[in-house]
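If you use my numbering, the sequence shown closes out at 1344, no skipped numbers anywhere. Just below is one structure, and these are the notes that go with it.
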Amino acid sequence: MSVIYDDRPCELGEGPLWHPERKQLFWFDIVNKRLMTRVDDEPQSWDFAEHVSAAGWVDRDTLLVASETGLWRFGLENGQKELISPMEADNPVTRSNDGRADPWGGFWIGTMGKQAETGAGAIYRFYRGELRQLVSDITISNAISFAPDRSCAYFCDTVTRQVRRWDLNPETGWPEGNSAVFLDLRSEGLNPDGAVVDAEGNIWIAQWGASRVAAYSPSGQFLKAVQFDARHASCPDFGGDDLTTLFCTTAREGLDAHTIETQPSNGMTFAAPNVAQGQAEHRVIL
1059 MSVIYDDRPC
1069 ELGEGPLWHP
1079 ERKQLFWFDI
1089 VNKRLMTRVD
1099 DEPQSWDFAE
1109 HVSAAGWVDR
1119 DTLLVASETG
1129 LWRFGLENGQ
1139 KELISPMEAD
1149 NPVTRSNDGR
1159 ADPWGGFWIG
1169 TMGKQAETGA
1179 GAIYRFYRGE
1189 LRQLVSDITI
1199 SNAISFAPDR
1209 SCAYFCDTVT
1219 RQVRRWDLNP
1229 ETGWPEGNSA
1239 VFLDLRSEGL
1249 NPDGAVVDAE
1259 GNIWIAQWGA
1269 SRVAAYSPSG
1279 QFLKAVQFDA
1289 RHASCPDFGG
1299 DDLTTLFCTT
1309 AREGLDAHTI
1319 ETQPSNGMTF
1329 AAPNVAQGQA
1339 EHRVIL
């Protein structure tokens, strides 16, 4: 059973991050260029001059924030930002999208066209000062997440309706060989969006347009789904004191006025308690 965690509607909610030291959820409204959170149950936000979409935690008071032009060190106490690495800064067509820290302290981040232009995006990994492109010709980068045993990464191009699995080097975390299809959702007409992996290795995938986050085993078997009172579930993350609450951002993007009027919770951020045991988000090492 899910409840509304934050009732501020996002046009495109994305990138939820449970900060394990602060015990605090951060997330983004990409379209409105905003980082959002709650402090002592009070809403708080920061506005940016460009699209921002995903983050990792560096220390208690610092996030690594992905924007349409780069990766930035962002101070939560003073609101100051410092460029760590440019990323497609000379390409006005694209912006950042889905991203997550990996178990080695790296940060994977996807880009996409602002109008979802075909093949305009890519997926990168930032690690030890180097930003390296891993995948090109991506239309909507999503589902970036990592197995708890460090064996693999997951990612998808939403328009293909397929989630891919990629073996990782156990020492460095760099991908090895070619990625392979892990989950094919074409026959069900489901659109994989953001994803997170729990402590048992099950992957929880937000399914855009289906009002749910669905869990699949490491072998790709459907396990269960958590429903949310919003059409477009966009990205999940585990949080709460014991990491058993499944948070999920949603979006109003693409919905007509009647749908929003009759279901005003579209775009709000949700929490479903006691869903599964999550992993703590990995620290980004700059």
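Each residue gets a CB set at the ideal place from its N, CA and C atoms; glycine is no exception. The structure presented is a predicted model; accordingly, all values stated were derived computationally and were not measured.
Could you pull the DSSP bridge partners for residue i from this structure?
{"i": "LYS1282", "result": "ALA1273"}
{"i": "GLN1102", "result": "THR1095"}
{"i": "ASN1249", "result": "TRP1266"}
{"i": "GLY1336", "result": "ASP1256"}
{"i": "TRP1232", "result": "Paired residues: none, contrary to the question."}
{"i": "GLY1133", "result": "THR1120"}
{"i": "GLN1220", "result": "ASP1215 and ASP1242"}
{"i": "LYS1139", "result": "PHE1132"}
Pull up the CB-CB distance for residue i and residue j, whole angstroms please, since I reckon it's below 8 Å.
{"i": "ASP1251", "j": "THR1216", "result": "6 Å"}
{"i": "ARG1310", "j": "ALA1291", "result": "12 Å between Cβ atoms; not a contact."}
{"i": "LEU1313", "j": "ARG1341", "result": "At roughly 36 Å, the Cβ-Cβ gap does not stay under 8 Å, so LEU1313 and ARG1341 are not in contact."}
{"i": "ASN1155", "j": "MET1170", "result": "5 Å"}
{"i": "ARG1183", "j": "TRP1166", "result": "5 Å"}
Would residue i and residue j be called neighbours here (beta carbons separated by less than 7 Å)?
{"i": "ILE1202", "j": "VAL1193", "result": "no"}
{"i": "PHE1328", "j": "CYS1293", "result": "no"}
{"i": "GLN1265", "j": "LEU1248", "result": "yes"}
{"i": "VAL1116", "j": "LEU1344", "result": "yes"}
{"i": "ASP1195", "j": "GLY1168", "result": "no"}
{"i": "PHE1204", "j": "VAL1221", "result": "no"}
{"i": "ALA1253", "j": "PRO1078", "result": "no"}
{"i": "GLY1179", "j": "ALA1112", "result": "no"}
{"i": "GLN1335", "j": "THR1302", "result": "yes"}
On a CA-only basis, which of the options is nearest residue i? Give me that one, please.
{"i": "ARG1118", "options": "ARG1080, GLY1137, SER1154 and PHE1106", "result": "ARG1080"}
{"i": "GLY1128", "options": "GLU1188, ARG1219 and ILE1318", "result": "GLU1188"}
{"i": "GLU1319", "options": "LYS1172, ILE1263, PRO1067 and ARG1190", "result": "PRO1067"}
{"i": "GLY1298", "options": "THR1317, GLY1278, GLY1267 and ASN1332", "result": "ASN1332"}
{"i": "ILE1198", "options": "SER1275, PHE1086, ALA1257 and LYS1172", "result": "LYS1172"}
{"i": "ASN1090", "options": "ASP1098, GLU1072, GLN1082 and ARG1096", "result": "GLU1072"}
{"i": "THR1218", "options": "ASP1242, PRO1228 and LEU1226", "result": "ASP1242"}
{"i": "GLU1258", "options": "GLY1278, ASP1300, THR1230 and PRO1206", "result": "PRO1206"}
{"i": "VAL1061", "options": "VAL1284, ARG1183, PHE1165 and ASN1155", "result": "VAL1284"}
{"i": "GLU1108", "options": "PHE1184, LEU1121, GLY1164 and ILE1088", "result": "ILE1088"}
{"i": "GLU1069", "options": "MET1326, GLN1337 and GLU1339", "result": "MET1326"}
{"i": "ILE1142", "options": "VAL1123, ARG1153 and ASP1148", "result": "VAL1123"}
{"i": "ASP1098", "options": "PHE1296, TYR1063 and THR1120", "result": "TYR1063"}
{"i": "ASN1227", "options": "ILE1263, ARG1096, GLY1164 and ASP1300", "result": "GLY1164"}
{"i": "ASP1295", "options": "GLN1321, SER1277, ILE1263 and PRO1322", "result": "ILE1263"}
{"i": "ARG1190", "options": "ASP1225, PRO1144, TRP1224 and ASN1200", "result": "PRO1144"}
Using the C-alpha atoms, what's the distance from residue j back to residue i?
{"i": "ASN1136", "j": "ALA1273", "result": "38 Å"}
{"i": "SER1209", "j": "SER1237", "result": "13 Å"}
{"i": "TRP1076", "j": "GLU1175", "result": "31 Å"}
{"i": "TRP1232", "j": "LEU1304", "result": "28 Å"}
{"i": "ASN1260", "j": "SER1275", "result": "5 Å"}
{"i": "ALA1268", "j": "VAL1255", "result": "20 Å"}
{"i": "GLN1082", "j": "PHE1132", "result": "16 Å"}
{"i": "TRP1104", "j": "ASP1287", "result": "26 Å"}
{"i": "TRP1162", "j": "VAL1110", "result": "23 Å"}
{"i": "THR1317", "j": "ARG1186", "result": "45 Å"}
{"i": "PHE1086", "j": "LEU1093", "result": "5 Å"}
{"i": "TYR1212", "j": "GLU1126", "result": "22 Å"}
{"i": "LYS1139", "j": "ALA1315", "result": "36 Å"}
{"i": "THR1120", "j": "SER1245", "result": "42 Å"}
{"i": "GLY1361", "j": "GLY1114", "result": "Limits of the chain in this structure are 1059 at one end and 1344 at the other, which puts residue 1361 out of reach."}
{"i": "THR1074", "j": "PHE1084", "result": "What sits at residue 1074 in the sequence shown is Pro, not Thr. Those two C-alpha atoms are separated by around 6 Å."}
{"i": "PRO1101", "j": "GLN1321", "result": "22 Å"}
Kindly say whether residue i, judged by its beta-carbon, lies nearer than 7 Å to any beta-carbon of chain B.
{"i": "GLY1336", "result": "No chain B appears in this structure, which consists of one protein chain only."}
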